[in-house]
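Have a look at the structure below, then the notes.
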Amino acid sequence: MSKGNRVKHTIRLPPGLSRQLADFAGRKRVSQASVVEAALASFLSPDGSERMEAAFARRLDRISRQMDKLGYHVDLGNEAFALYLRRWLSVTAAPTGEDSAAVRAEAEKRFSYFIEALARRMERGRHLHDEIVRSGDSGTE
Numbered sequence: 045m046s047k048g049n050r051v052k053h054t055i056r057l058p059p060g061l062s063r064q065l066a067d068f069a070g071r072k073r074v075s076q077a078s079v080v081e082a083a084l085a086s087f088l089s090p091d092g093s094e095r096m097e098a099a100f101a102r103r104l105d106r107i108s109r110q111m112d113k114l115g116y117h118v119d120l121g122n123e124a125f126a127l128y129l130r131r132w133l134s135v136t137a138a139p140t141g142e143d144s145a146a147v148r149a150e151a152e153k154r155f156s157y158f159i160e161a162l163a164r165r166m167e168r169g170r171h172l173h174d175e176i177v178r179s180g181d182s183g184t185e
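Under the numbering used here, the letters of the sequence shown match residues 45 to 185, in that order.
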């Protein structure tokens, strides 16, 4: 900080805060007065609060994007399970032990259809939770 004229101030700090100040100044190898001066300058600067607000806004935006992405992936997992369960319950017959290679090939083909149907369903925006809400509404009438 500047080495020009100084005005002496005497302040009292809680013991915990005083220890933190001493520890921080010791780690940074600077005087406690310079730490207090820098902290006050930052706190009192007109753009300091704006910078902090901008940093918080950026962080909140990033968290919001992460939550949106997480929500999408949860929806994807729910839809995959629901679609798989519906298909499995409606079309799966007990396999015979005779042609395991043919059964495996058929399973691969069916799995490919499953992935395509899942992609179409996610693109259309049809979601399991919407169907649950709709079926819950119709059950209360």
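Glycine included, every Cβ here is placed at the ideal spot set by N, Cα and C.
These numbers come from a predicted model, not from an experiment.
In the three-state reduction of the DSSP assignment, residue 142 falls in the coil class, being assigned neither a helical nor a strand state. By the Cβ-count criterion, residue 123 is buried, with 16 or more other Cβ atoms from all chains shown falling within 10 Å of its own Cβ. Between residue 120 and residue 158 a beta carbon distance of about 13 Å is seen, past the 8 Å cut, so the two are scored as non-contacting. Nearest neighbour of residue 53 by Cα position, chosen from 106, 77, 167, 110, turns out to be 77. The alpha-carbon separation between residue 117 and residue 153 amounts to approximately 24 Å. Rounded to whole angstroms, residue 97 and residue 131 show a C-alpha spacing of 50 Å.
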